[in-house]
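Below: one structure, written as structure tokens.
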């Protein structure tokens, strides 16, 4: 079921000031959706701030050359987060909002969510969701259309990055003919795909390459190659001279192994515990698996977080994945 755009527009028109928020460890869809939506709202005369709980990863800073994204506890304090409406993009879960969750709970501002993920918490917000959409960035393009805002290059670049990365550069089953029509419009608006690709994938640090090599060297296969998993410990970042966000998209490299149907990566966090990422290219529902560990996402890609050592976490997670994959493969 798609977004009720008439209701969305009616709610937008009710407010003058907005704070846009997305999830912790922001990726291109989170950042691109925020930046694109901010420009759309400014085009109709609204006052807009973007405030996140986590800093923009250095590798994605090209999306925000003007430095418009503020960071809670860094450039802004909780008491300074004031607006008529708080719009949450690309997540519907308290756990994914980090410290901004407490700010949102305490705020008297109205709340609204624009998202494409299946799972959701009760955020006290009006939900505008389309589970079939391949990226929240695509929903922002639709929001611009609903608000009669022409696309500009400033909007198009972050929104192109949002859609391109959340579809694995148009490799994932979520891609439709409408995806390509939307991408064509963004190109017409001025985005240069080769420049975005270069900024994303051709500016790697030596540390990032070393870390990916380490991750791949730890790859283990089970179930006749149908299941692949690997891991990275928090100490590995310093060892390789890498950053935590350098693990982004590493799990997709394991799916290149012939016969792989599902993959899991366990990423050690600086403050302890492990971030889990699940991928599937069969009937295994990653969202359902992730929900068993307090996470969520999509059928083909989802994530969660668990406290504990690597052995503890793998001992809890892998049996669940094995059972789910066996059931999916029949």
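Numbering (my numbering), first residue to last: 2 to 331.
Built from N, CA and C at the ideal position, the CB exists for glycine as well.
Note that the coordinates shown come from a computational prediction; the quantities given were computed from them, not determined experimentally.
Nearest to residue i (by Cα), restricted to the options the options
i	options	result
residue 56	64, 4, 256, 73	73
residue 169	232, 91, 254	254
residue 12	79, 93, 66, 110	110
residue 84	69, 48, 189, 62	48
residue 37	61, 182, 154	154
residue 276	261, 260, 309	309
residue 20	8, 7, 43	43
residue 325	265, 307, 272	265
residue 300	119, 86, 77	119
Distance between residue j and residue i (C-alpha atoms, nearest Å)
i	j	result
residue 317	residue 238	24 Å
residue 127	residue 114	6 Å
residue 24	residue 89	8 Å
residue 45	residue 151	11 Å
residue 241	residue 210	9 Å
residue 142	residue 123	26 Å
residue 59	residue 75	16 Å
residue 145	residue 6	10 Å
residue 235	residue 8	45 Å
residue 286	residue 305	14 Å
residue 219	residue 288	25 Å
residue 132	residue 243	34 Å
residue 99	residue 54	6 Å
residue 294	residue 147	37 Å
residue 267	residue 82	34 Å
residue 174	residue 263	15 Å
residue 213	residue 204	14 Å
Three-state secondary structure assigned by DSSP to residue i
i	result
residue 219	coil
residue 71	strand
residue 29	helix
residue 290	helix
residue 186	helix
residue 83	coil
residue 1	Past the edges of the chain, shown from 2 to 331, lies residue 1, and the structure says nothing about it.
residue 253	helix
residue 13	helix
residue 279	strand
residue 110	coil
residue 302	strand
residue 130	strand
residue 18	strand
Proximity test, residue i beta-carbon vs the ligand ADP heavy atom, cut-off 7 Å
i	result
residue 52	This structure lacks the ligand ADP, and indeed carries no ligand of any kind.
Beta-ladder partner(s) of residue i, from DSSP
i	result
residue 230	221, 265
Q: Check whether the segment 155-162 touches the segment 28-42, taking contact to mean three or more Cβ pairs, one atom from each stretch, closer than 8 Å.
A: yes
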